[in-house]
Structure formats: C-alpha cells, structure tokens
Amino acid sequence: MEFFIDTANLDEIREAYDLGVLDGVTTNPSLMAKEGVTGHDNIIQRYKDICNIVDDNVSAEVVATTFDEIVSEGMNLAKIDDKIVVKVPMIKDGVKAIKKLTSEGIRTNCTLVFSPGQAILAAKAGASYVSPFIGRLDDIATDGVALIEQIVNIYQNYGYETNVLAASIRHTMHLIQCAEVGADVATCPLSVITGLLKHPLTDSGLEKFLSDYRKGNA
C-alpha cells in the first residue's frame, strides 16, 4: 500500500517525507485555503513547492466543472511538473475530461466518489486513481471501508488498472482496514501516519530496556 498525505502544509509534507514512507500528496481547494493559500498564482506556486519535496504523485485539483474548462485547467496543471496528477470531480463532464486527459498522457485522480457505479465509470474512462471518501460515508452511517472492498473486487474482476485511493481517512483503524481489503493507496493526515507508530507496549518495552541499560552502566 502506498501512503499519500492529505494536506497543503509544507512542514507536514516534509515530516512525512523524512519519515521515509511517503509516496505522494493529495490536495484540494479546502486544504489550500486552510493554509492561507489563495489566488491562482499562489496556488500554482504551492504545487511547485510540494513537487520540490516529494518524489512523485502530487494530486492537483481542478476547480472547473465543464468539460472544456476541466480539460484546459487540467492540461495547465500537468505542465507544472511531471509529478502532477490532475484531480477531477466525479461528474458527467469530469468523466469525459478524464478520458480526454488520459488520451493526452496525463494522469488523473477521480475524486468525490461514493459508489461502486461511480468507480466503474472512472475506471472505464481511464482514471489513474479513484478516490472513494470513506470518512464522509461513515458520517452518514454508511460503511466506507465496505465501499473500498467492493471497488477493489470489481476492479480485480475486470482487470481495471485504476488504483483505489482510499480518501477521507480519519484515524489509524480506517487505514488498517483499507489495507486489509486491498486498497492500493491511502491518503490521510500526518497524524494518522504517525499514529501507526504508537503502541503502549512499545513505549513500556523501550523504557524497560533503557532503564536496565542505565542500571547496568551506572
């Protein structure tokens, strides 16, 4: 499973990258705004800054909602860096744009996916990634992880090459459950990635080792 960090915060991206486990970054307009990054030029610069930190897979989201505008914006985003993956919403014109961008050799990430049917359309259009939002499904009393499992099984049935990117991950159990059902990628906040480090027995075991070492070398 690949780990992407879901943020536009450069310090968090650097910390995850320095940990040695980061495979990519996902962003969206809300995450940009959270970091105070507004205005076209500033957003483009932030994408460039992110690309300078990581090795690959920087999802940059379009704000256009019509076919021609999505394609135009997507092509411009792709010109920023070879690491850019154009993030396109799951709407009719978005699916059409994914097909067009894919035919131009541009990688795409179909976002705001909430059903198996939407995931099938994204795969048939040639999306590089499909992003089911499991946390938002959990918020309305629907099993988000079950959707990941459904999509993984459907893609395996038909040999679709689209990667299942579990998004809207809220906690470490979400991530573990997505790994269990075969998600190709998980994108999540830094706290979820670092949360995998934690276990009380690790802490107590290390303290015991260090305590015994100090006693033996006093």
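Counting in my numbering, the sequence shown runs from 5 upward without gaps. C-beta: ideal position from N, C-alpha, C; glycine also. Every value quoted in this text rests on a predicted model; they were computed, and no experiment measured them.
Assigned secondary structure, residue i (DSSP; H/G/I helix, E/B strand, else coil)
i, result
"V66", "coil"
"G28", "strand"
"N157", "helix"
"L201", "coil"
"E166", "Residue 166 is actually Thr in this sequence, not Glu. Of the three classes helix, strand and coil, the one that applies to T166 here is coil, per DSSP."
"P193", "coil"
"E108", "coil"
"V58", "coil"
"A187", "coil"
Contact test: residue i Cβ vs the ligand MN heavy atom, cutoff 7 angstroms
i, result
"V90", "This structure lacks the ligand MN; in fact it carries no ligand of any kind."
Given residue i as reference, the closest of the options once Cα atoms are compared
i, options, result
"V156", "A187, A171, H175, T31", "A187"
"V92", "D85, I110, Q181", "I110"
"K87", "S107, N113, V196", "N113"
"E165", "D147, A123, D142", "A123"
"T176", "E39, I47, A190, G163", "A190"
"Y159", "F213, I173, A131, L105", "A131"
"A171", "D147, E211, T115", "T115"
"F70", "D59, V149, G98", "Here the sequence assigns Thr to residue 70, which means Phe is not the residue at that position. Nearest C-alpha to T70: G98."
"D22", "S34, D59, A12", "D59"
Distance between beta carbons of residue j and residue i, contact taken as under 8 angstroms
i, j, result
"F7", "V25", "5 angstroms"
"E16", "L200", "Going by Cβ atoms, the distance from E16 to L200 rounds to 15 angstroms, so no, they are not a contact pair."
"I84", "C55", "7 angstroms"
"T106", "A129", "7 angstroms"
"P204", "Q154", "With 8 angstroms as the limit, P204 and Q154 do not qualify as a contact, their Cβ atoms being about 35 angstroms apart."
Test item: CB-CB of residue i and residue j under 8 angstroms
i, j, result
"I138", "L125", "no"
"V117", "A127", "no"
"E78", "V89", "According to the sequence as given, residue 78 is Gly; it is not Glu. In this structure, V89 does not lie closer than 8 angstroms to G78 by Cβ."
"N61", "V41", "no"
"C182", "D10", "no"
"A82", "I74", "no"
"D45", "L14", "no"
"L35", "A64", "no"
Residue i, buried or exposed, once every other Cβ within 10 Å from all chains shown has been counted against 16
i, result
"H178", "buried"
"N32", "buried"
"I197", "buried"
"I102", "buried"
"K104", "buried"
"A20", "buried"
"L214", "exposed"
"G148", "buried"
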